[in-house]
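For reference, the structure discussed in these notes is given below.
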Amino acid sequence: MSGTDAVDEDAGERTIRVLIADDQPLVRRGLALILGPAPAVTVVAEAENGEQALALAREHLPDVVVMDIRMPVLDGVAATERLARDLPECRVLALSTFDMDEYVVAALRAGAYGFLPKDSSPEDLVAAIRTVRAGEAAVAPRLLSRLISAYVRAEQVAPPGRRRPAAGNTVDLTPREVEVWRLLATGLDNNEIARALEISVSTVKNYITSIYDKLGVRDRAQAVIAAYESGLVAARQAADPD
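Sequential numbering from 1 applies to the sequence shown in full-length UniProt numbering.
This is the structure we're talking about:
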């Protein structure tokens with residue numbers, strides 16, 4: 001394979017182009033320094049707010065935007081929604097100072113492919129970027145369930161006019177798909193679902209692919225959100241899936 005600017009010649013893999021968006025200069029520089037030595041990862045631009053992130057994303061066409069959720073001018077949720085609509089190949093990894101930040105679930109709903117707390121290790125950051133670039137959800141299953149459980153509780157006490165509509169029709173799911181979906185939504189990973197149902201991991205993956213297609217969702221994060229909104233899983237189940 002001949003080398004190009006977008007290929008890591010030693011690893012033989014395509015370089016992941018990353019845009020960093022955070023309103024704190026020290027955080028931006030810290031993230032850039034962490035990603036600098038990472039194989040097949042290059043930082044193409046840095047933005048200090050959501051509006052600038054959108055402009056730079058259109059200019060540089062990054063593969064992944066590492067996006068702080070709470071920013072001035074245009075917050076990370078609104079910026080994520082616009083990126084998902086206008087540049088769907090540009091995938092967002094949301095960052096937050098707080099594990100239980102309601103903005104994080106809003107970002108996942110808006111189209112973010114993953115979430116990472118800002119106190120995560122450099123290794124976890126690089127791994128999450130690679131996962132998001134591959135089109136997979138970079139959220140630990142139990143962390144995702146805790147986040148969405150908190151979100152659902154907030155929705156339950158919100159004034160009726162501010163509540164979001166329930167998920168769409170799910171009648172096309174088979175009973176087995178519903179069971180896989182329920183276990184997924186309570187925080188189990190694929191291996192745990194396979195053990196619980198005494199089936200193979202590859203069979204679980206096939207069920208999940210079918211569930212995504214029938215629900216019209218893109219990834220695990222959106223499937224979990226849909227489970228809560230449909231009433232399949234109650235908020236308390238995520239806190240104690242056992």
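Ideal Cβ positions, reconstructed from N, Cα and C, are used throughout, including at glycine.
- Item | Of the listed residues LEU56, PRO62, ASN49, GLU59, nearest to residue 299 (C-alpha basis) | The chain is shown from 1 up to 242; residue 299 falls before or after that span and cannot be answered.
- Item | Integer-rounded CB distance, given that VAL233 should sit under 8 Å from THR186 | 6 Å
- THR131 versus GLU81: straight-line alpha-carbon distance, rounded: 20 Å
- State whether the stretch 180-195 contacts the stretch 61-80, with contact taken as three or more CB pairs (one from each stretch) at a distance under 8 Å. no
- Message: I need the straight-line Cα distance from GLY168 to ASN190, nearest angstrom please.
- Response: Note on GLY168: pLDDT 48, under 50, position unreliable in the model; the coordinate value appears next. Looking at the two C-alpha atoms, the distance is approximately 24 Å.
- Item | As assigned by DSSP and simplified to three states, the class of ALA112 | coil
- Report the rounded CA-to-CA distance for HIS60 versus GLY216, giving the unit in angstroms. 30 Å
- Please name the residue in LEU116, PRO88, ARG91, ARG195 whose C-alpha comes closest to that of THR97. LEU116
- Exposed unless 16 or more other CB atoms sit within 10 angstroms - verdict on VAL24: A small fix is needed here, since residue 24 is Gln in this sequence, not Val. Exposed, by the Cβ-count rule.
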